[in-house]
Amino acid sequence: MMRKKIANWGNYPVMESDEKSFSFTDQLTKLLQENDSMIARGNGRCYGDASLAANTISTLKYDKILAFDTAKGIFECESGITLDKVLEVIVPQGWFLPVTPGTKFITVGGAIASDVHGKNHHVDGAFSNHVLEMDLMLYDGTIITCSPFLNTDLFQATCGGMGLTGVITRTKFDLKKIATSYIRQKKIKAGNLQEIIELFEEYKQYTYSVAWIDCLKKGKSFGRSILMLGEHAEMEDLNERQKNDPLALPKKKLITFPFNLPSWVLNEFSIKAFNFLFYNKNRSREVNNLVGYEPFFYPLDAILHWNRGYGKNGFVQYQFVLPLESKAGLAEILHRISDKGLGSFLAVLKVFGKQESLVSFPMEGYTLALDFPVRKGLFEFLDELDGVVLKYGGRLYLSKDARMKPEVFRGGYPHAGEFETIVKKFNPHFKFNSVQSDRLHITPQ
Amino acid sequence: MATVLILGASSDMAIAIARKFAEEKYDVQLAARRTEEVSALQPDLSIRYNIRCTIHHFDAEAFSTHEDFYESLQPKPDVAITVFGYMNDNEKVIQDQKETLRTIFVNYAGAVSILNIIALDFATRKQGTIVGISSVAGERGRQSNYIYGSSKAGFTAYLSGLRNRMYREGVHVVTVLPGFVYTRMTEHLQLPPLLTAQPGDVAKAVWQAVRNKKNVIYVKWFWRWIMCIIRWIPEPIFKKKKL
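From first to last, the protein sequence lines are chains A and B.
Under the numbering used here, the first residue of the first sequence is numbered 1, with each subsequent residue one higher.
Under the numbering used here, the first residue of the second sequence is numbered 446, with each subsequent residue one higher.
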């Protein structure tokens with residue numbers, strides 16, 4: 001047995017794990033029969049401890065494309081394929097992912113287990129809304145098909161269920177038709193929090209919307225932001241050169257962050273300076289341009305290992321959502337963050353649309369995500385923020401979480417009890433368990 | 446369009462090689478003992494690379510079936526790559542004659558049996574490339590791995606002779622000695638990162654060797670020197686070592 005050190009994207013926590021892989025379904029059956037405690041792990045792009053355990057099974061080699069209906073836009077694959085590989089196949093055929101998070105380096109299985117959302121949540125919902133059906137391998141090696149109409153309890157508890165029901169094997173999901181691989185982008189500056197909230201409302205007909213917000217700014221510019229909107233470009237939006245290959249895949253030019261930055265590099269002043277430059281990069285209030293889908297959806301993917309910028313102690317990304325009527329809560333949390341001076345480069349603000357689900361993160365309201373380098377006093381501060389989030393009826397994203405207390409999970413997710421009952425039904429001996437599920441007391445330690 | 450035949454399709458190395466050749470627009474014929482197990486590769490390769498992929502039943506140890514197996518392939522391949530192999534713990538292998546013979550049958554006899562058939566066809570057609578994935582373990586017998594090692598030594602010698610014999614027929618033969626590779630077979634081992642290749646590295650090296658008509662390749666270049674040193678250790682010293 002070989003133990004190696006693994007961590008997810010936040011580099012916190014780090015743990016020793018015995019990681020095994022499989023390429024074919026029969027090999028997975030054997031792994032499940034030979035081990036009595038494990039969690040499936042994709043590309044390790046959740047931030048915290050959701051896919052960490054003493055025994056992990058890597059799905060990365062289980063990455064075959066099984067079918068692609070180019071007429072109807074239906075894609076069927078094994079769970080370990082990453083979204084960047086899916087895009088390479090579907091974009092040239094005029095299709096796009098129905099929902100994509102801010103990185104393309106996640107697996108399809110991970111997208112379902114975290115029920116990821118994108119900049120179009122208010123229009124298209126979360127990833128699970130586009131899953132037509134999937135197969136799961138349960139603890140005993142049997143495979144069961146579930147969908148919104150078949151074995152619905154299993155389906156619901158698997159979408160956003162962080163891998164606790166079984167290992168997703170096969171998935172079928174629908175795609176979005178595109179005429180070009182370009183995005184018509186509009187960027188609008190907002191001077192403060194009130195303004196950005198109004199802008200979200202004003203531009204809600206846009207398919208894609210997200211805002212970058214400066215969490216450190218105080219006074220009358222408190223909450224200054226840049227709203228970024230987008231639509232898939234049509235043929236007539238392209239110039240002559242682009243029209244020659246409207247569905248072109250972006251050229252690969254990746255930069256690697258070569259080492260962990262020393263932790264002192266990121267401090268209140270350097271972050272303020274970064275935020276100042278980012279906000280003032282564009283002089284005019286509004287910018288309209290045409291960009292490839294990569295810089296629009298995946299700006300940070302261009303820098304491999306950007307997480308090393310937070311130093312070797314790692315960071316946690318804190319992402320919460322508050323109901324639409326809790327604007328006051330948003331202001332309160334932002335005030336606490338700016339008072340503390342602990343904020344990050346980028347805080348991302350987005351308005352979610354409605355979503356009915358068991359344990360998925362999105363609900364109608366405001367979601368804010370920001371990074372905090374791990375340092376003394378941080379977790380106490382985040383516990384305080386958790387209190388505010390719960391007070392206003394919000395919750396935290398399990399995929400980002402590395403530290404919340406079990407009562408924060410149960411307080412934020414009204415269907416947690418029902419979820420746990422379904423987990424117990426399909427995973428009766430808690431064969432599937434992670435550091436996170438133990439910490440949240442979903443599985444016994 | 447050119448066609449590659451990959452013998453033994455279920456290993457990480459085989460999948461990586463299949464994808465590399467498909468990316469280079471080869472049609473791919475995958476031959477495996479358990480065809481059902483690897484069936485997902487058929488749509489995967491066809492959809493990803495827009496090529497034709499077929500799956501064929503092949504058992505390296507079933508020597509008598511090899512003739513019919515190759516006969517059934519349509520079209521005949523332009524490149525044939527043997528990736529299959531069998532390795533078990535040496536102590537288990539030497540205590541169990543079945544395991545000893547299996548190691549020899551798969552790695553040596555099976556490979557020679559099928560490659561002879563393919564080489565004769567290639568010679569008649571005056572074209573083709575044969576790639577044998579052998580092993581650095583065949584460069585010198587070591588106490589920890591000599592059944593496997595000797596079967597691969599035999600295979601390496603066979604490939605050398607085959608290359609010599611086929612040269613005048615216009616058929617090229619590549620010997621691949623991969624060294625350590627990160628695969629499912631080795632994930633329980635602590636391997637030195639500098640000496641260990643990814644399956645994708647092997648695939649790329651094989652592709653380049655086929656394209657550039659290389660004879661013997663190591664995937665990571667230090668292996669050539671490591672094996673050179675190991676071969677030169679005098680036997681009186683070597684026999685006392687625990688390698």
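Even for Gly, the Cβ is constructed at its ideal location relative to N, Cα and C.
Within-9 Å CB hit, residue i to chain A
i         : result
SER455(B) : yes
VAL483(B) : yes
ARG629(B) : yes
ILE460(B) : yes
ARG478(B) : no
GLU469(B) : no
GLU632(B) : yes
Nearest to residue i (by Cα), restricted to the options the options
i         : options                                       : result
PRO520(B) : VAL528(B), PRO638(B), SER558(B) and ARG497(B) : ARG497(B)
TRP677(B) : PRO638(B), GLU584(B), SER579(B) and PHE667(B) : GLU584(B)
LEU368(A) : ASP386(A), VAL374(A) and GLU380(A)            : ASP386(A)
LEU560(B) : ARG610(B), GLU680(B) and GLN588(B)            : ARG610(B)
ILE226(A) : VAL321(A), PHE381(A), ARG184(A) and LYS281(A) : LYS281(A)
THR499(B) : ALA454(B), GLU614(B) and GLN474(B)            : GLN474(B)
ASP513(B) : TYR553(B), ILE563(B) and VAL483(B)            : ILE563(B)
ILE446(A) : LEU32(A), LEU97(A) and ASP26(A)               : As displayed, chain A neither begins before 1 nor continues past 445, which places residue 446(A) out of reach and without an answer.
CYS77(A)  : PHE276(A), ASP18(A) and ASP63(A)              : ASP63(A)
ASP237(A) : PHE24(A), CYS215(A), GLY292(A) and PRO444(A)  : GLY292(A)
VAL655(B) : GLN588(B), HIS617(B), ASP566(B) and ILE671(B) : HIS617(B)
HIS335(A) : GLY223(A), SER37(A), VAL89(A) and ASP26(A)    : GLY223(A)
GLY353(A) : GLY110(A), ASP339(A), VAL321(A) and LEU370(A) : VAL321(A)
ASP523(B) : THR480(B), ARG570(B) and ASP541(B)            : ARG570(B)
LEU261(A) : CYS46(A), GLY314(A), TYR392(A) and SER326(A)  : GLY314(A)
MET134(A) : ASP140(A), ASP174(A), THR100(A) and VAL123(A) : ASP174(A)
GLY453(B) : SER580(B), GLY555(B) and TRP670(B)            : GLY555(B)
ASN239(A) : PHE274(A), ASN289(A), GLU195(A) and SER147(A) : ASN289(A)
Between the CA atoms of residue j and residue i - distance to the nearest angstrom
i         : j         : result
THR165(A) : ILE422(A) : 8 Å
HIS121(A) : VAL351(A) : 8 Å
LYS597(B) : ALA568(B) : 24 Å
PRO250(A) : GLU294(A) : 7 Å
PHE683(B) : PRO637(B) : 22 Å
SER517(B) : THR545(B) : 31 Å
LYS649(B) : LYS20(A)  : 24 Å
MET228(A) : PRO323(A) : 22 Å
ASN8(A)   : ASP153(A) : 29 Å
VAL528(B) : ALA461(B) : 11 Å
HIS415(A) : GLU201(A) : 29 Å
HIS232(A) : TYR206(A) : 10 Å
GLY80(A)  : SER114(A) : 14 Å
HIS502(B) : ARG479(B) : 7 Å
ASP401(A) : LEU378(A) : 14 Å
VAL14(A)  : ASN244(A) : 48 Å
LYS252(A) : PRO444(A) : 45 Å
VAL557(B) : PHE75(A)  : 42 Å
VAL86(A)  : ALA111(A) : 13 Å
VAL576(B) : SER605(B) : 11 Å
GLN27(A)  : ILE143(A) : 13 Å
Proximity test, Cβ basis, 9 Å: residue i and chain B
i         : result
VAL89(A)  : yes
THR100(A) : no
GLN27(A)  : yes
ILE65(A)  : yes
ILE326(A) : Before going further, note that residue 326(A) is Ser rather than Ile in the sequence given. Not an interface residue.
SER437(A) : no
GLU78(A)  : yes
LYS186(A) : no
LYS61(A)  : yes
GLU133(A) : no
PHE173(A) : no
GLU16(A)  : no
PHE419(A) : no
LYS85(A)  : yes
Contact test: residue i Cβ vs the ligand FAD heavy atom, cutoff 8 Å
i         : result
LEU518(B) : No copy of the ligand FAD appears in this structure; indeed no ligand is present at all.
Contact set between the segment 484–497 of chain B and chain A, restricted to residues whose Cβ is under 7 Å from the partner | Those residues of the segment 484–497 of chain B that come within reach of chain A (Cβ to Cβ, closer than 7 Å) are ALA485, LEU486, PRO488, ASP489, ILE492 and ARG493.
Taking only runs of the alpha helix (DSSP H) that begin and end inside the segment 344–418 of chain A, which ones reach a length of at least 4 residues, in chain order?
-> Listed in chain order, the alpha helix (DSSP H) runs fully inside the segment 344–418 of chain A are 378–391 and 406–412, counting runs of at least 4 residues.
Scan the segment 484–523 of chain B and note each continuous beta strand (DSSP E) run of 3 residues or more that stays entirely inside, going in chain order.
-> You should have 498–502.
What are the complete alpha helix (DSSP H) segments, minimum 4 residues, inside the segment 556–603 of chain B?
-> 556–570
What runs of the beta strand (DSSP E), each 3 residues or longer, lie entirely inside the segment 447–474 of chain B?
-> 448–452
Report the residues of the segment 21–46 of chain A with a CB closer than 8 Å to any CB of chain B, ordered along the chain.
-> SER21, PHE22, SER23, PHE24, THR25, ASP26 and GLN27
Unbroken stretches of the alpha helix (DSSP H), 4 residues or longer, contained in the segment 605–661 of chain B = The qualifying runs are 644–656.
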